[in-house]
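Worksheet: the structure to be examined is printed underneath.
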Amino acid sequence: MAWSQGDDAALHLLTPLIERELHRLAAAYMARERPGHVLQPTALVNEAYLRLIEWKQVQWQNRAHFFGVAAQVMRHVLVDMARAQLRGKRGGREALQVSLSDAKDAHAERPADLVAVDDALKTLAGLDPRQSRVVELRFFGGLSHEEAAHVLDVSVATVRRDWTLAKAWLYRELDRRSGR
Amino acid sequence: MTPERYAIVGELYHQALARPREQRARFLDEACRSDLALRDEVATLLAAHDSAPEFIETPAIAVAAAHVAATHRPLVAGATIGHYEVQALIGRGGMGVVYRAHDSRLGRDVALKILPVEFARDEQRLARFRREAKVLASLNHPHIGSIYGIEEADGATALVMELVEGDDLSTRLSRGPLPLAEALNIARQIAEAIEAAHDRDLVHRDLKPANIKVRRDGTVKVLDFGLARPSRVVSDGATLAMMTTDAGMIIGTPAYMSPEQARGEVAEAQSDIWSFGVVLYELLSGVSPFARESSADTIASVLGTPVDMAALPAATPASVRRLIRRCLERVRKRRYRHMGDVRIEIEEALAGGESHAQEPSRSSPRSQRRWWGATGVVSLIVASAFVVATTLHQRVPATGDPVRFTVPPPDGGMFLTPVISGSGVPVGGNVSPNGRRLAFTAKSAAGGVQLWVRPIDSLESRALAGTDGAALPFWSPDSQAIAFFTPGKLKRITMADGNVQTLCDISRGRGGSWSPGGSIVFSGGLSTPLSQIDADGGAVRPLTALAQGERSHRFPSFLPDGRRFLYYAEDVDPTKSGIYLASLDSPAGRRLVAADSGAVYASGHLLFARQKTLFAQPFDVDTLQVRGRPASVAPSVPDEDAAPGFSASSTGVLTYHAGPQEDQQFAWFDRDGTLINTIGPPGNYRGIDLSPDGTRIAVHRHDGAGGDIWVIEPGGTLSRITFNPARDNAMPVWSPDGSRIAFGSLRNGKWGLYRKRADETPEDELLIESEAPKIPSSWSPDSQRIIYWSFSQVRTAWVLHLRDGSGPASTAPLLKPPLGATTHAQISPDGKWVAYLAADTGQLELYVRAFPDGNEQVRITTGGAFTPRWSRAGHELFYTTSYDDGTIVSVPYVIRGTQFVPGTPRELFKVKMVLVPHSTAIAVFHTYAVSPDAKRFLIPRPVSAFRGVAAPPIVVVLNWTAALP
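If you're matching them up, the sequences are chains A and B in order. Note that my numbering has the first sequence beginning at 4, numbered continuously upward. Note that my numbering has the second sequence beginning at 41, numbered continuously upward.
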């Protein structure tokens, strides 16, 4: 991922935010609150944006641009965490286990993990870059159809079409790629 | 896939989605036309669309959070949940993380399984699980992992379970399949566990190798009962399905799911039975029967792919194969209903072997165990042990069928003796006097030739240490020791302590016998008479003396009185060679019978080989006279050097080496004689019939101990049809609807025509029986009549009228008046004509006449003919010019009114067809088949099998005298 200066800043800012949000959500899950209540990733991004616009050194073309970048950052951070977990680098602290897949136990159930989605998404990007972006915005960034249409400067109908096709393709692709 | 192509796929996808569901298929047909790949692309995407509405609708961060919540617990060593002190993480599966913890209250180690959040949040599910856990706990079953309780702490729910040390089966399987006895042992324990749970209405729902642990001591524990949620499965055209959790992204492992579960139905007890079948299959074969690249493909496989039984080890007993097949029945009506039945089947399969699988023998003191263990090479030999076990445990029946089974050589080894005699005498099988054990010499895969012992009712043979180079073993009368020859020496070994003692020097061992009085009579060289030595050792004393013209005395065998013995004498004058009788007191021999081998006395008979056939002749031990006539017991036994290739005990056990077999393999040829493909494994086949639809081949397959009917399935795998212990089944013929097979069988001294369904149902339906042999030949298209060959005084063809449901069957001769030597009668596909071979002219020629009441016959051939076959495609009759090396000939014909008019015969191709040169076979069996479209021919071809000096398997017959006339 080619980071611009602003992107880098976003990364630095967002990563801890994302981690914190992750744990907040996790705690909410464990406390058995209905997940709908706390499911506001855009709030997360909003918060980051608000902080960033105070950072005058960074020039953002517009809010859409930022959201687009934020989604990329989210993707980067979450997938990174997932990969790191696979590699076991985040050991020591048993606590932080984004255990989305367990490569060691080939016979256990393998949830389709963020790493797999990320890989498949890269493949999709080679077939239709915009579809890949739509998925990135909606799935990783948590944006709605409308918000994604705004970021990409296309119609909502286009986003919807991209989304359903990309979803189907990804699902099929993950299914084919997932082992036993 | 290129971006351009993907764009097209996408366009079609959206257009298809825009249409109502019913019209999508047609739309795709028109849009894609012959581009099937494109159609498949779009179709699978549409299916994915339908299957996964929730897929990635939940943003990634929520998913990540859910998993963090589900799988993360601030549990490190030292942390506590309730009064449990966490020690270490020991496992992680889809159903939560497992820790080892110490119960500070009860002072024991337990396993703590942290349940996933979704599980714990589902109040209903949790409540049901609590109920079931209580029932399980009350069961307290040795093979079910105990659940001690459910703890809640810090917002998480933890299952407190019995801590089971040991690998789970999936770990074990990653090292390969398990040996048969071990697999069955484990399967039995699993079955017991499931049975106990089912009895309390508890269904496991997720039985798989990962849920089954095996402790070091071999105890099995089934874990995770009832944890699996009834899966939410959505399928579209049975090609795609998904399993989801709330997070929307979990794709589970459906490889062990039953078909009904895969279809979204609730799991029941029978689903566990299915899963059990999958596990057992995997234990034995090392491969999963249904797992494929993706879970969607796996589910499709579970729903439809036939189970590949050929992946099971060849040594897997038929009963176990049947068991697995019945567990993996997709139609629940045909699947086992009750786990107890499964358990019983496994126990029976184990019955002969289990006690020996763990220890060397029932009566083994520690020392015996020690030295047996030291020899290494414990090999598992699988015979029809369950048949043996049940028979033996009932005591060998005085009446009834003899029971036959074969003993193959140890794993990877061969029966043979070393070349001390220079001729590789393939003799070794020797049953102990008490009928309980078999001693034989064999060369193991690992190394040289040794003496092996196998209890008759066991799956295992053991090599005996200190017996290198052994040959021609013979037992002591009390069955506690074995004497044998090695290069240059006569030795004995005691079973109890394994002590080997050299008795004397010899130049070449040629058989010995051990009397109850403690004397051993033997031949120790070429061109010598018999000598004698005390069984404890000592000086060798000459015993017999060669008479004028005699070349040698060999292979002595004591009679029950321990003084008299039989032996083989070879004379310059062949008419003087044969079996002689002498005694320790008066060693001058008296000739009893002509023979080509040494003889053995058992059960009122003399057993000996003559021209490679094993005969039994009544012999009165009191008057010492032979009586009556010899009866053939086995068609082919080795007789190298006149050594008896057989042995017998006074308890009715007979063993012999089946004679060398010629194997064939079936191959399809086209009308030009070009080989298309081979099908089915090599074997000793003696008669075949192709099913009416041309897909399955019924074969009469022989293995030296007997013949059975098998079916070669389209994939080339064999399914067995007949299971009766006597195993004299012959010549299958398919019914016109392809559902049944008729065959002839000799049982209890009577020949019967039988009919049974062409699957593995065990029931044979007897149609008619009598003393005369019966072999079916053809089945009329209306299924009402079967033509069969029967030999009483005159060989002739008979018609059996089946009156299904309206009275007993009746028979009538085929031809009026009955003519001699009419064979291979076959009814035409339209049922109006019958073709047959008759030898009116002195050689077999082909005739046709109207069926069933034709009076005149039309002669088709003049130069001789063999097995005719009608073409189902019409207007062609085939025959072969010889039963082995011949030509396939086609005879076109037309029907003019009521006349059968043959045209000019046309030779199609020459073929070397191989058939066992058995006179009965030539006379009666169909040796090849024609495909329904008459374009291909199924022909047995010779398979050159290396036999070398390796002896064929040992055949063991219990109650062998029951088969005598």
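For each residue, glycine too, the CB sits at the ideal point set by N, CA and C.
Helix, strand or coil: how does DSSP classify B/Glu369 here? coil
Contacts that A/Thr167 makes with chain B (C-beta to C-beta distance below 9 Å): Tyr53, His54, Leu57 and His89
Contacts that B/Thr84 makes with chain A (C-beta to C-beta distance below 7 Å): Arg175
So A/Ala151 contacts chain B; which residues on that side make the cut at Cβ distance below 8 Å? The contacting residues do not exist; A/Ala151 stays about 12 Å from chain B at best.
Straight-line gap, B/Ser971 to B/Asp710 (C-alpha atoms, nearest Å): 10 Å
Let me make sure I understand the geometry here. Which of B/Leu146, B/Ser516, B/Leu512 and B/Pro517 has the alpha-carbon closest to that of B/Phe1089? No statement about residue 1089 of chain B is possible, as the shown extent of chain B runs from 41 to 1005 and does not include it.
Any chance the CB of B/Leu504 is under 7 Å from a heavy atom of the ligand MN? Absence of the ligand MN from the depicted structure is noted, as is the absence of any ligand whatsoever, leaving it without description.
I want to verify the contact list: residues of chain B whose CB lies under 7 Å from the CB of A/Arg164, in sequence order. His54
State the start and end residues of the unbroken alpha helix (DSSP H) segment that holds B/Ile815. Looking at the DSSP string, B/Ile815 is not in any alpha helix (DSSP H); the run it does join, the beta strand (DSSP E), is Lys814 to Trp819.
B/Gln866: buried (16+ other C-beta within 10 angstroms of its C-beta) or exposed? buried
Neighbour-count burial assignment, B/Ile154, 16 or more Cβ in a 10 Å radius: buried
Counted within 10 angstroms of its Cβ, other Cβ atoms place B/His89 as buried (16 or more) or exposed: buried
In terms of alpha-carbon separation, which member of B/Val677, B/Thr259 and B/Leu599 lies closest to B/Asp662? B/Leu599
Helix, strand or coil at B/Met1083 [DSSP, three-state]: The question about residue 1083 of chain B has no answer, for chain B in this structure spans 41 to 1005.
8 Å Cβ cutoff, A/Gly71 in contact with chain B: no
Can you check which of these residues, B/Ala642, B/Asp208 and B/Ala221, is closest to B/Ala250 by C-alpha distance? B/Asp208
Please classify B/Met41: is it buried, with 16 or more other beta-carbons within 10 angstroms of its beta-carbon, or exposed? exposed
Buried or exposed: A/Asp165, going by 16 or more other Cβ atoms within 10 Å of its Cβ? buried
Less than 8 Å between CB atoms is the rule here; does B/Ile226 satisfy it with respect to chain A? no
Classify B/Ile101: buried if its beta carbon has 16 or more other beta carbons within 10 angstroms, exposed otherwise. buried
Who pairs with B/Val970 in a beta bridge, going by DSSP? B/Phe977
For chain A, find out if any of its Cβ atoms is closer than 8 Å to the Cβ of B/Ala92; answer yes or no. yes
Examine the Cβ distances between the region 643-663 of chain B and the region 685-693 of chain B and report whether three or more of them are shorter than 8 Å. yes
In angstroms, rounded to a whole number, what distance separates the CA positions of B/Gly29 and B/Ser820? Residue 29 of chain B lies beyond the residue range present for chain B, which begins at 41 and ends at 1005; the question has no answer from this structure.
Is it a yes or a no for the region 154-162 of chain A touching the region 75-88 of chain B, going by three-plus beta-carbon pairs under 8 Å? no
B/Ala798 touches chain A at which residues, Cβ-Cβ below 7 Å? Chain A residues near B/Ala798: none, gap ~35 Å exceeds 7 Å.
May I have the straight-line CA-CA distance separating B/Pro527 from B/Gln520, to the nearest angstrom? 23 Å
Look up B/Gln883 in the DSSP assignment and say whether it is helix, strand or coil. coil
Does the region 186-193 of chain B come close enough to the region 240-254 of chain B to have 3 or more Cβ pairs within less than 8 Å? no
Between which two residues does the beta strand (DSSP E) containing B/Thr42 stretch? No beta strand (DSSP E) holds B/Thr42; DSSP gives it neither H nor E.
Backbone secondary structure at B/His54 - three-state DSSP: helix
Going along chain A in order, which residues have a C-beta closer than 9 Å to the C-beta of B/Ala100? Pro44, Met77, Arg78, Leu81, Val82, Leu117, Val120, Phe142, Phe143, Gly144 and Gly145
Alpha-carbon spacing of B/Gln657 relative to B/Ser676, whole angstroms: 17 Å
Enumerate in chain order the residues of its own chain whose CB-to-CB distance from B/Tyr296 is below 6 Å, with the five nearest sequence positions on each side excluded. Lys248, Ser315 and Val318
Beta bridge counterpart(s) of B/His697 as assigned by DSSP: B/Ile994
Under 8 Å, do B/Gly904 and B/Thr921 count as touching if we go by C-beta distance? yes
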